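Numbering (UniProt numbering), first residue to last: 1 to 101.
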């Protein structure tokens, strides 16, 4: 079944996670955040840094992923010559930041 699904997806997409549940024995909860003073990225941070970890320790909770909002972005100016002099590249600086959650 997974092979059939994967054929229709772009090659860059990972394999889907297929979990069989009965609706009668799976509790479902949905939370929504809004604020008059916080922006989308601040709400996203709150959901992924505080709310998600708090719910993740609940027995039986799984696949808790914030949906919506915006991740914060940063822009960094690099001195490529100085990096090269130390045997580093722009990717050496960017990869650790891109893997942070």
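Beta carbons: idealized from backbone N, C-alpha and C, even for Gly. Note that the structure is predicted; figures quoted are calculated from it, not measured.
Residue 47 burial status per 10 Å Cβ neighbour count (16 or more: buried): With 16 or more Cβ atoms within 10 Å of its Cβ, residue 47 is classed as buried.
Proximity below 7 Å, CB of residue 16 to CB of residue 28: No, these two residues do not count as a Cβ contact at 7 Å.
In the structure shown, what three-state DSSP assignment does residue 10 receive? It is coil, neither helix nor strand.
Using a threshold of 7 Å, state whether the C-beta atoms of residue 33 and residue 43 are closer than that. In contact: residue 33 and residue 43 (Cβ atoms closer than 7 Å).
I'd like the span of the alpha helix (DSSP H) that includes residue 44, first residue to last. DSSP places residue 44 inside the alpha helix (DSSP H), whose first and last residues are 40 to 46.
Taking only three categories from DSSP, how would you classify residue 36? Per DSSP, reduced to three states, the secondary structure at residue 36 is coil, with no helix or strand assignment.
Could you check whether residue 60 and residue 78 sit closer than 7 Å to each other, using their CB atoms as the reference points? Residue 78 is not a Cβ neighbour of residue 60, given a cutoff of 7 Å.
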